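Numbering (full-length UniProt numbering), first residue to last: 1 to 100.
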């Protein structure tokens with residue numbers, strides 16, 4: 001008999017939280033910057049996306065997902081690409097201190 005405890009759970013169980021995201025009712029372009037967007041335009045778009053995330057019932061799940069899979073683009077869990085990069089940099093510094 002197969003050992004089913006080692007099999008992954010149903011896909012819906014892993015991703016179902018996304019169905020409750022506040023972003024589902026928003027324009028997806030708000031969460032992902034267009035090519036070459038910089039300066040105030042980017043900051044304003046990011047801030048608008050983060051405002052939607054601020055009241056989201058699945059903010060923590062979204063943030064954990066983005067950090068775990070190292071989402072390279074967009075606003076996820078209220079964090080911009082730069083916010084996530086800062087977290088990764090902190091993790092790298094901590095890892096270097098522990099190892100060193």
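Don't be surprised by glycine CBs; every beta carbon is placed ideally from N, CA and C. Since the structure is predicted, the reported quantities are computational estimates derived from the model, not experimental observations.
Using 10 angstroms around the beta-carbon of residue 100, count the other beta-carbons present and answer buried if the total reaches 16, otherwise exposed. Walking along the chain shown from the start, residue 100 turns up at place 100. At residue 100 the pLDDT is 44, less than 50, meaning the model places this residue with poor confidence; the figure from the coordinates comes in the next sentence. Its Cβ having fewer than 16 others within 10 Å, residue 100 is exposed.
Please classify residue 94 as buried or exposed, where buried requires at least 16 neighbouring CB atoms within 10 angstroms.
One-based indexing of the chain shown puts residue 94 at position 94. Exposed, since its Cβ has fewer than 16 Cβ neighbours within 10 Å.
- Message: Beta-carbon within less than 7 Å of residue 21's beta-carbon, same chain only, minus the 5 sequence neighbours each way: which residues are those?
- Response: Position 21 of the chain shown holds residue 21. If the five residues before and after residue 21 are omitted, its C-beta is found closer than 7 Å to the C-beta atoms of 56, 58 and 62, all from its own chain and listed in chain order.
- Nearest-angstrom Cα separation, counted from residue 92 out to residue 23: Indexing the chain shown from 1 puts residue 23 at position 23. Indexing the chain shown from 1 puts residue 92 at position 92. Rounded to whole angstroms, residue 23 and residue 92 show a C-alpha spacing of 30 Å.
- alpha helix (DSSP H) containing residue 20: first to last residue? For this step, residue 20 is matched to residue 20 along the chain shown. First-last for residue 20: undefined, no H or E at that position.
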